[in-house]
Every structure is written in C-alpha cells, then in structure tokens.
C-alpha cells in the first residue's frame, strides 16, 4: 500500500556528546528538549563523574553542577542517584532555567546561553525528585509556574508559583484530593489573564471501583496574591479545574481519558484552540485519539456550575446557583464579576471558603466538532507535534504522532469549512527505533519527545537513548513515478518535470505539481499497485483544516486557511552537521 520507504538507518542520530564516557556506558536517558535562539538544547542524565549535565545537541556545549550524595537506600544500583534534568525552560531571551533531580535532592540554576551560570536555588516544588514523577514549568510575568510533587514520597502534588519579584509564592492546597489526586502533568501555558495546566488525574467524582484516570484542565489567575489570613493564606484563591472530554459519539459513548500531550495554542477556523492527544485506560484495549479544543469553550466551562459530593452513593451533582457566593469563586480580582475587588486577599471569607471546597466544575469541555480529529486503535500514541504551515503556500496542517513502539505517524488534516463532517489522511508510518543505536532502559522504544523545526524541514524524535533527525519530506521513496508522487498527497513533496518527486523549496522553478486535495483522483504507483497512498482515520473522523488545491495550476478551492500560530515562533535550530564533536552521527 505504501511505497517502499528509504532506510531510516541513514538519518542522523544523537546519543550523547563524543568522549562522554558516562553516556557511552549508561545511555543518553533523554528527559527534555527545547529550541531557544537557534539552538536545540537536550536535557538528559549525567552522574558517572559526579556532575549534572544539560546537553546542547546543536553546539555540543555543556552545563553542569556538582551532584549531591545519594542518601536513599531505595535507589537501585545507584541508577536513580544521577542528576536527571527535568526542568528546562527559557527565563528570558538569553537565559535558561534548569532543574535536576540531583540524587533525590532537586536543585535549579539559571544559565546564560553561551555565558555564565547563576546561583543555585532549591528545586523543591519546582522539580520532581525522580524521573517517574511528572512535571511542567514555565515563566510568565517574571515568575516560575511549576506543577510537580513537593516531597520524596510524591504524596504532595503541587501547582506552585515562585521566584517572582512582584508576585508572592502561592501553591495549591496540601493533601487535598479535591484539588489534585495523583496528577500526571502534561502542559502549562499562559493565555489571557490565566495560566492553564493540562493534566490527568484519578477521578474523585465518578464513584467507579478502582482508579479511573480523567483528563483535566485547570487555571489560576496571574494576579492572584493568595487569600486572607483566615482562609487560603499563601494558597491559590482562583484555582479551578474542569474535565476535558475526548469521546467518540454513538449509542455507547467511547471515552479517551488518558491525556498524553497538548500543543500550544493555534488558530482553528479563526479561533484559538489547542490540540490534545489522548489514550485509553491502561487496563483497556490500546487506542489513541487527537481532539481539538477551542479555548473559548475552555473558558466557558469555568463559568459553569460547581460540583460537590452529595449522598452515600458518591455522586457529585451541580451546586445550585443560589448557593454560590458573590463575587463568584475563582474569579480574578479586579476583573469581571470581581471588578470591585482590589486584590485576591480582599475576597469575602465566604467566597474563599467556597473556593477552597469546590475547585471542580460540573461540566466538561467538549472537543471542537463534537468528536476526535483522528483515532487509532491497537496503538498507544505518546507524543504530538503539529506543523501549521506545510505546503508551498503554507496552508496545510500536518500532525506528527509518536508511538510507544517507536513509530512516527504523519497525518494530513484537511477540511473545507468549520461545519463540515471532516476527515484526516494518514500519509506515512515510519519505524524509527533501532535498539543498536539507542541504548536505553526497558521500554526504550517509546517516543518521549517530538520537536518540529519547519525552517529546517526536520522533526527531532526523542527516545530514551537517542534523538533521531527525521526529514519532514521523504519524497525519494516515490522515485520517478509521477502517479505515486501525486497520489501521496504529501504537502512536503511536489512533482517536478521531467521526472522527479522532490521536497518543496522556495527556489524550485515554476511548473511543479502537487495534489494534496486529491483532485486528480490518482491512486497507486507506476508498478500497478492498487489503492491510495494514504489511509483515512479509522473512526470515520472529521477533517480539520483546509486550503489549497492542485498546485500545478494553483487552483483555489475556496477552502478555509490552516491552523495559524497565535504567538511568535521560537528561534530556528542551527544546522547540526556531524562535525565538531556534537555527537550527531549518520546511520
């Protein structure tokens, strides 16, 4: 069905800096990656020589600090007593903020890119104690917003603000299952006057036997300064959370509840939205889905009814509106219903007490279009990246999905109008994991990270033991077959007469052809193989974005535009050749 792919063994890979004996012996143990000012930073593990390490794959640079002694006997074979870099975020345009587990004693430092390092500060409530604990972090308004656990036993889950010169430290309520119940944090992002946190946690409101994970979105006000000395002092007064619902509708609704990844906001049909990757429960059949959520729908959910437990059956019905105090709990001081409130500490005790006991909203945020964009059965997908400017006119959207078995799925999202029943097209499945290249622990084939670099036409795919640089266009697999090239419907590939399927670039001569919309009706290959190049999503799902036509004549179908970035793009990744001891190597 698919043309014979080029050997992925030829793709450059990064397994650590050359001459690094610790990485050679133990493997890279990838944790995070970040693009900043034209450099790709790779955060990993370092401990063989007693040093922490933040690795920069682009330049082969290195940042390090002394490793604390390992005090905990539970560490198996001292493997957990390394310094795993779990936080890697930009503090400003020239400064990185990094935190490591530091042998169960988390610490953080700031680093000027290419310059001096800053002072060391405690990593508690900013960085997890070991790699099995989840975390997210970002800087906004000069403060660090972090979500992780604040103790070694992982019993104190926390969303925490710190390090701000003008904002006091605040955190979630301690040991409260109503606020956070065994959360796994996935994403944090600023939007409007709020910071949003996306995570999954064990539901307290379902009353189901056993542990059932649900997807959540929570928010806090950026101007929150905590409660009064009587209620919620040094705690968030604005913390609220709602369920994210990614379901396949029908007589029996099917839920994808295990949130795995969330993108930054893009514009969908002219409205800000995020894309999110979900999976099935761990004890269920494997399956995954991608849903889109309009941020206006998310905000609307926070204006809905509050939920509270009632009765012995464990039900959480909505709180009658007449019982909700005014100003409404969860509002930002000085805004909306709380315009008359100068600071969050001025909220009436009744409002603060209600906010303390009622962080959960009753309703759920439904996906855009009412159903998933893409579903996949029999596979657990783990990571998501989106290119919102694919194709010669930058008007196509392509999703890249990493799987636990080492594959990357490349999916074209297309639609003609916001109200259409929509479909997506699976363009390629690419098997990238190779054990002999990527030394790692059990489950090393799982894709742990995807970092898209559209200017370089490449996708960085992270495994525990290595990074692989995957080209966005793999047009050579179609050879000199025009039928195969056009039937592929790949926005990164064009047919260039007299006989080549080549990656699109701005300097190509006029006269190339492309058929992303399938207008030519071509299928198969020049060898008579039947069937289309791609396959439609298996849920009968809905397409999403659109635009363009057969670019041989640049025919305009009148479709809507693609997703557009709401914010500026990050710096371009520098060319990462194989020279200079960077550790990048060809297959």
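Numbering (our numbering), first residue to last: 954 to 1540.
Where a beta carbon is used, it is the ideal one built from N, C-alpha and C, also for glycine.
Note that the coordinates shown come from a computational prediction; the quantities given were computed from them, not determined experimentally.
What is the DSSP secondary structure of residue i, counted as helix, strand or coil?
i            : result
residue 1402 : strand
residue 1251 : helix
residue 1542 : Past the boundaries of the shown model lies residue 1542; the chain is included only from 954 to 1540, so the question cannot be answered.
residue 1258 : coil
residue 1297 : helix
residue 1428 : helix
residue 963  : helix
residue 1302 : helix
residue 1279 : coil
residue 1161 : coil
residue 1032 : helix
residue 1520 : In this predicted model, residue 1520 has a pLDDT of only 33, less than 50, meaning its place in the structure is not dependable; the value taken from the coordinates is given anyway. Coil.
residue 1397 : coil
residue 1268 : strand
residue 968  : coil
residue 1290 : helix
residue 1463 : coil
residue 1381 : strand
residue 1245 : strand
residue 1469 : coil
residue 1274 : helix
residue 996  : strand
Would you mind working out which of the options sits nearest residue i, comparing C-alpha positions?
i            : options                : result
residue 1468 : 1277, 1349, 1052       : 1349
residue 1123 : 1398, 1111, 1131, 1160 : 1111
residue 1234 : 1154, 1443, 1479, 1143 : 1154
residue 969  : 1392, 1261, 1036       : 1392
residue 1096 : 1057, 1404, 1044, 1377 : 1044
residue 1462 : 1258, 1385, 1451, 1151 : 1451
residue 1302 : 1318, 1279, 1323, 1222 : 1279
residue 1338 : 1358, 1320, 1412, 984  : 1412
residue 1198 : 1218, 1167, 1081       : 1167
residue 1466 : 1344, 1425, 1049, 1256 : 1344
residue 1453 : 1460, 1435, 1255, 1066 : 1435
residue 1323 : 1477, 1201, 1161       : 1201
residue 1353 : 1458, 1319, 1425, 1419 : 1425
residue 1427 : 1383, 1118, 1156, 1037 : 1383
residue 1041 : 1119, 1091, 1144, 1118 : 1091
residue 1219 : 1342, 1163, 1237       : 1342
residue 1386 : 1360, 1267, 1212       : 1360
residue 1289 : 1256, 1150, 1267, 1264 : 1256
residue 1225 : 1321, 1089, 1388, 1441 : 1321
Can you list, in chain order, the residues of its chain with a C-beta nearer than 6 Å to that of residue i? Leave out the 5 residues immediately preceding and following it.
i            : result
residue 1086 : 1102, 1107
residue 1033 : 1083
residue 1296 : 1178, 1286
residue 1357 : 1333, 1335, 1399
residue 1113 : 1078, 1099, 1124
residue 1242 : 1199, 1209, 1231, 1325, 1328
Along the chain, where does the beta strand (DSSP E) that runs through residue i open and close?
i            : result
residue 1044 : 1036–1045
residue 988  : 985–989
residue 1075 : 1070–1075
residue 1063 : 1060–1065
residue 1155 : 1147–1155
residue 1197 : 1193–1197
residue 1105 : It is not in any beta strand (DSSP E) - residue 1105 carries neither H nor E in the DSSP assignment.
residue 1144 : 1137–1144
residue 1388 : From DSSP, residue 1388 is part of no beta strand (DSSP E); its letter is neither H nor E.
residue 1051 : 1048–1053
residue 1234 : Premise fails: residue 1234 is in no beta strand (DSSP E) and is neither H nor E.
residue 1340 : 1334–1343
residue 1208 : 1207–1209
residue 1350 : 1349–1356
residue 1329 : 1327–1330
residue 1220 : 1219–1221
Strictly by DSSP, which residues pair up with residue i?
i            : result
residue 1115 : 1097
residue 1175 : For residue 1175, which the question treats as bridged, DSSP gives no partner whatsoever.
residue 1457 : Looking at the DSSP assignment, residue 1457 forms no beta bridge with any residue, so it has no partner.
residue 1447 : 1455
residue 1413 : 1404, 1422
residue 1363 : 1353, 1381
Grab me the residues of residue i's own chain with a C-beta within less than 7 Å of its C-beta, minus the 5 sequence neighbours each way, in chain order.
i            : result
residue 1133 : 1110, 1125, 1154
residue 1305 : 1180, 1181, 1184, 1185, 1190
residue 1312 : 1131, 1132, 1192, 1193, 1194
residue 1282 : 1304, 1307, 1308, 1311
residue 1148 : 1093, 1098, 1141, 1172, 1173, 1175
residue 1105 : 1057, 1082
Can you name the start and end residues of the alpha helix (DSSP H) that residue i belongs to?
i            : result
residue 1439 : 1435–1440
Can you list, in chain order, the residues of its chain with a C-beta nearer than 8 Å to that of residue i? Leave out the 5 residues immediately preceding and following it.
i            : result
residue 1418 : 968, 980, 981, 982, 983, 1390, 1391, 1392, 1393, 1397
residue 1165 : 1155, 1156, 1159, 1210, 1234
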